[in-house]
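Report on the structure given below.
The following block contains the structure:
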């Protein structure tokens, strides 16, 4: 069974369309910008990958994650030729921070908060009449969890069309929490590099319209072949390569693909010491018999770590790479870690070629993992 | 949305971690393994352990293939708010590194998985008032989709200064401070291992209004309805509501099906959606 991606849209620090984001990644654009709304005297790091859309620079606004979500859902529906969705279509929103940024402002007496602000049903119902909205908060694997649950809903006959999304705005608490443990603060995200120093938060939103295979009359962007989701259950914060190997193997099994069928991998690649190491070890294990093995890249050096939306952003970038035959390189990577040396890491310039099938990772705190296998529309 | 029940699933265990005769938070929320956990996670791991124990699955090797589904709206509100207070007074260097995992809304589910070696999907739902019933339905879907051999569903809402302030600002006077756990597994599996089936999970529906949700659940003929009992007993249950409702229904289930509705009526509603779920008495093995 496969599922068709009929529409898609995204916004992050690099741009507000999938094509622009992919283009920016391919041109090597990267690098965080100075923090625009937080009190920089409170942190050692001074930069993040923010969406530069505040009306007045330096003045924080509530409900930004909700605003981006509504926008990308609208654009994805229009892109699919379905601007007026049926009210009962499920919407699965993956998010790490929900509207906790708005809660922070409320707590600091800079705004209001209602309990319904913390999830996304009221905004999507008001905008589109959609009521079956699920706020999936499975850490930074959340939007790929949403994608997996969407494939299940269609496979089980509960729906033919599902909107899957991710959205996150940077919270002061998590920015501060990572600032506490990452010293000196990283200047950029250097996935798989020996000199990597950690993760820098990004923000944005992404949405896709997923339909039962064969039901969409128009053009599609690609297909989801299968999604694996699991939990390491081995350590509170450090990822476990064994858990990542298991979730990759589960995704392959669900997608009915073998390691040799995978043309490219977009890893989670958060640039932290342990997470990159665990992913590299897992990839080496899974693809040890594949010849030549897939190309491997990461996008967080360009767009930052967009938390719960990160996995689905990897998916839309993978589909753009397949369509344009251009896979962006890992920015900031000059000296790969030993564990990654047998992998076909894309460095320097984008890799070009006829790609068919992509594997996409999301590795969340708490050992929560998800892996999706997607393919281009041409197959 | 209404999901056809392609796999019959049942509730085989219930665990309460709510202040009362069987649970004293003062003694239960401390001790081994509790020190670095937030209040939500402390309640959640206690409820999870009790539910697994009730189902006879504590320590069972088959838990490796199970799922965890946590439902909560305010679970990590306190760690997040407390951290911004810390940042305002002493900057990021004043934050304890132990706080970091607590900033994730998924932290309670991750702790439960770690506690019992549960390596299947680890899902946290924050859907508002309907979230608890949605979580039970999601657990059944994970089982039906072949992703989990069983699922541990936990509804948790901890009390804290931000939670109290939020309820106070929205005319709330009482609210839950605790967690409830349910073990959900395929009927066939429960029968095979000789487990006691407490209730079978029937139709589920979600809609924009109550009548449509009940219809989507195929429950218009179900006469017995769990009213606003959970809210009357514990105050606002928020993300834990549906799980509390299922636990109450299981306790008093006789030979008649019971309908739970979350997000409507005089109890709790945030005006966004209504979910309905039918719990039926055990039918035995006939699949």
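Chains as they are written, first to last, in the UniProt record's numbering: chain A, 1 to 379; chain B, 1 to 287. The beta carbon of each residue, even a glycine, is placed where N, CA and C say it ideally should be. Treat the numbers as computed from the prediction; the structure is a model and nothing was measured.
| Query | Result |
| --- | --- |
| Can you tell me which of the three DSSP states residue 33(A) falls into? | strand |
| Between the alpha carbons of residue 368(A) and residue 250(A), how many angstroms are there, rounded? | 14 Å |
| Run through DSSP, which three-state label would residue 297(A) get? | strand |
| Kindly indicate which residue of 114(B), 262(B) and 42(B) has the alpha-carbon position closest to the one of residue 208(B). | 262(B) |
| Measure from the alpha carbon of residue 91(B) to the alpha carbon of each residue in 177(A), 55(A) and 108(A), then state which is nearest. | 177(A) |
| Taking residue 114(B) as part of the alpha helix (DSSP H), name the residues at either end of that continuous run. | 107 to 116 |
| Comparing C-alpha positions only, which one of 195(A), 170(A) and 346(A) sits nearest to residue 100(A)? | 170(A) |
| So which residues on chain B does residue 145(A) lean against when the C-beta distance must stay under 8 Å? | 121 and 123 |
| Leaving out five residues before and five after residue 155(A) in sequence, what residues of the same chain have Cβ atoms less than 7 Å from its Cβ? | 1 |
| Give the residues from the region 101 to 122 of chain B that approach chain A closer than 8 Å (Cβ to any Cβ), ordered along the chain. | 101, 103, 104, 105, 106, 107, 109, 110, 111, 113, 114, 116, 117, 118, 119, 120, 121 and 122 |
| How long is the line joining the alpha carbons of residue 2(B) and residue 124(A), rounded to whole angstroms? | For residue 2(B), the predicted structure reports a pLDDT of 47, less than 50, and the residue's modelled location is therefore unreliable. A value from the coordinates is still provided. Cα-Cα distance, rounded: 19 Å. |
| Can you pull the chain B neighbours of residue 107(A), defined as C-beta to C-beta under 7 Å? | 81, 84 and 162 |
| What are the start and end residues of the beta strand (DSSP E) that includes residue 280(B)? | 274 to 280 |
| Whole angstroms are fine: how far does the CA of residue 108(B) sit from the CA of residue 117(B)? | 14 Å |
| Specify, as a first and last residue, the run of the alpha helix (DSSP H) that residue 248(A) falls within. | 241 to 255 |
| Counting only Cβ-Cβ distances shorter than 8 Å, please list the residues of the region 229 to 240 of chain A near chain B, keeping chain order. | 229, 230, 231, 232, 233, 234, 235, 236 and 237 |
| Rank 37(B), 10(B) and 183(B) by C-alpha distance to the C-alpha of residue 53(B) and give the top, closest one. | 183(B) |
| Around the Cβ of residue 252(B), are there at least 16 other Cβ atoms within 10 angstroms (buried) or fewer (exposed)? | exposed |
| Could you give the DSSP three-state label for residue 181(A): helix, strand or coil? | helix |
| Ends of the alpha helix (DSSP H) at residue 314(A)? | 310 to 324 |
| In the DSSP assignment, find the unbroken alpha helix (DSSP H) run with residue 49(A) in it and report its ends. | Counting along the chain, residue 49(A) falls outside any alpha helix (DSSP H), and DSSP gives it neither H nor E. |
| Going straight from the alpha carbon of residue 141(B) to that of residue 240(A), what length do you get? | 27 Å |
| Spatial neighbours of residue 143(B) within its chain, please: C-beta separation below 8 Å, excluding the five flanking residues on both sides. | 7, 9, 67, 149, 150, 151, 184, 185 and 186 |
| Could you compute how far the alpha carbon of residue 279(B) sits from the alpha carbon of residue 347(A)? | 56 Å |
| Given a cut-off of 8 Å on the beta-carbon distance, is the pair residue 305(A) and residue 270(A) in contact? | yes |
| So with Cβ pairs under 8 Å, would you call residue 174(A) a contact of chain B? | yes |
| Buried or exposed for residue 41(A), going by 16 or more other Cβ atoms inside 10 Å? | exposed |
| How long is the line joining the alpha carbons of residue 76(A) and residue 43(B), rounded to whole angstroms? | 39 Å |
| What residues from chain A crowd round residue 50(B), counting only those whose CB sits closer than 9 Å? | The premise fails here: residue 50(B) is roughly 19 Å from chain A at the closest Cβ pair, so nothing lies under 9 Å. |
| Please confirm whether residue 105(A) and residue 229(A) have their CB atoms less than 8 Å apart. | no |
| Does the distance from the CB of residue 274(B) to the CB of residue 41(B) come in under 8 Å? | no |
| In the DSSP assignment, find the alpha helix (DSSP H) that holds residue 214(B) and state where it starts and stops. | 210 to 216 |
| Sort out for me which residues DSSP pairs residue 262(B) with in a bridge. | 275(B) |
| Using a Cβ cut-off of 9 Å, which residues of the region 8 to 31 of chain B contact any Cβ in chain A, in chain order? | none |
| Over what stretch of residues does the beta strand (DSSP E) that includes residue 21(A) continue unbroken? | Careful: residue 21(A) lies outside any beta strand (DSSP E), inside the alpha helix (DSSP H) at 18 to 26. |
| Any beta carbon from chain B within less than 8 Å of residue 136(A)'s own beta carbon? | yes |
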